[in-house]
Amino acid sequence: MHMYQYQTNLGIFVVCSVALTFWSCQQGASEDVNSAPLNVIYIMADDHAYQAVSAYGSDLAELAPTPNIDRIATNGARMDQVYCTNSICGPSRSSILTGQFSHVNGFYKNVDGGDFNGELLTFPKVFQQNGYETAVIGKWHLGTTPTGFDYSKVLINWGGQGTYFNPQFCVNGVDTLVEETRHSTKVIEDDCIEWLSEKRDADKPFMLLYQFKAPHRDWRPDSMYHELFQDIEFPTPANFDDDYDGRIAASENMMEIENHLNRRDMKQVPPPGLTRRDSMRWLAYGDKGQFWTPHDSLQGRDLKNWKYQTYIK
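Residue numbers for the sequence shown follow our numbering, beginning at 52 and rising by one.
Below you can see the structure in the form of structure tokens.
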């Protein structure tokens with residue numbers, strides 16, 4: 052992520068869920084299953100505002116429900132007091148892995164702000180030391196080969212951000228090109244399922260970091276979702292007209308809808324990694340095969356609202 056911070060209310064990303072399941076449902080009847088080690092699946096979405104999770108009851112809940120995440124919240128726990136101490140990509144990931152503030156772990160900015168030290172103790176290493184098989188699949192974005200994992204498959208192109216289409220991965224420290232045009236979310240999903248069902252040691256408990264690129268800017272949806280919200284008018288948030296009066300640092304960040312959402316954000320430029328066929332489909336993205344282009348007469352708040360409706364859909 053660039054140093055101008057595209058922040059959500061809870062920081063650069065939100066952990067969607069941490070799902071805990073029992074190691075095996077085939078334990079003998081005489082065994083105390085409560086003493087069996089728990090499997091851990093840690094799911095992370097990048098730049099995922101908490102308002103986009105319907106379990107939190109925002110204005111988006113009925114328009115864009117998230118029933119599976121809501122079920123985890125209902126059956127487990129919903130965190131209502133969550134804070135991010137450093138709301139930029141790499142440093143926040145570093146803090147989560149190490150449990151340390153950025154000034155302690157040494158990585159406080161994406162660019163010219165230290166580096167992630169792979170020799171530090173991280174929670175995956177603790178799981179590994181206690182007999183767990185560990186894996187990370189998806190976005191890593193720490194500029195280093197993952198350590199503390201028995202298996203790793205992480206995005207490497209675009210500075211570790213990865214592309215939404217035809218992503219490239221580093222597998223166990225070896226760079227490889229995924230020769231397909233699927234969306235990165237689907238690739239990561241399938242890879243996680245494959246590791247869980249085929250690649251891991253079934254005799255060990257496991258800990259999996261399941262980490263999406265989405266929905267990080269520039270918000271490239273899979274083609275199956277192009278028209279999902281086409282006829283919906285989303286409510287604007289309470290801070291839609293905030294002028295950041297008295298908050299100098301916030302006012303200097305390049306995160307204003309009216310001034311800083313660009314042609315790529317408005318889906319007027321095809322994303323990298325598409326085949327010719329998919330590029331043509333992307334160019335037809337929008338109402339009746341036309342670009343989603345604002346009318347020349349739109350100005351001020353009307354233009355701002357048009358941009359908001361376009362990018363949120």
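Yeah, the Cβ is synthetic: ideal placement off N, Cα and C, and Gly gets one too.
Here's a check: name, in chain order, each residue in its chain whose Cβ is nearer than 7 Å to the Cβ of residue i, leaving out the five neighbours to either side.
i           : result
residue 109 : 102
residue 255 : 182, 183, 184
residue 280 : 364
residue 79  : Low confidence applies to residue 79: its pLDDT is 40, below 50, so where it sits in the model is not reliable, and the reading given next is rough at best. Result list for residue 79: empty, nothing under 7 Å.
residue 127 : none
residue 152 : 136, 146
Please report the straight-line C-alpha distance between residue i and residue j, rounded to a whole angstrom.
i           : j           : result
residue 162 : residue 235 : 25 Å
residue 298 : residue 291 : 16 Å
residue 209 : residue 105 : 31 Å
residue 360 : residue 239 : 28 Å
residue 137 : residue 265 : 19 Å
residue 123 : residue 246 : 22 Å
residue 357 : residue 288 : 14 Å
residue 112 : residue 284 : 14 Å
residue 355 : residue 293 : 12 Å
residue 220 : residue 237 : 14 Å
residue 282 : residue 227 : 40 Å
residue 180 : residue 116 : 39 Å
residue 250 : residue 187 : 13 Å
residue 269 : residue 214 : 10 Å
residue 252 : residue 350 : 59 Å
residue 202 : residue 196 : 11 Å
residue 244 : residue 107 : 28 Å
Quick check: residue i and residue j, are their CB atoms within less than 8 Å of each other?
i           : j           : result
residue 262 : residue 95  : yes
residue 175 : residue 200 : yes
residue 192 : residue 141 : yes
residue 143 : residue 156 : no
residue 194 : residue 166 : yes
residue 267 : residue 97  : yes
Among residues of its own chain, excluding the 5 on either side of residue i, which ones have a beta-carbon nearer than 6 Å to its beta-carbon?
i           : result
residue 178 : 185, 258
residue 148 : 173
For residue i, count the other beta carbons within 10 Å of its own beta carbon; 16 or more makes it buried, fewer makes it exposed. Which is it?
i           : result
residue 100 : buried
residue 139 : buried
residue 242 : buried
residue 224 : exposed
residue 352 : exposed
residue 86  : exposed
residue 133 : exposed
residue 93  : buried
residue 204 : buried
residue 339 : In this prediction, residue 339 scores a pLDDT of 41, lower than 50, which makes its location untrustworthy; the coordinate-derived value is nonetheless stated afterwards. Residue 339 is exposed by the Cβ-count criterion.
residue 211 : buried
Looking only at its own chain, which residues have a Cβ that is under 8 Å from the Cβ of residue i, when we skip the five neighbours before and after it?
i           : result
residue 170 : 198
residue 207 : 213, 219, 220, 221, 226
Q: Could you name each continuous alpha helix (DSSP H) segment of 4 residues or more that falls completely within the segment 110 to 185, going from the start of the chain to the end?
A: 118 to 126, 140 to 149, 153 to 156, 174 to 180
**Q.** Whole runs of the alpha helix (DSSP H) within the segment 198 to 258, excluding any shorter than 4 residues
**A.** 235 to 245
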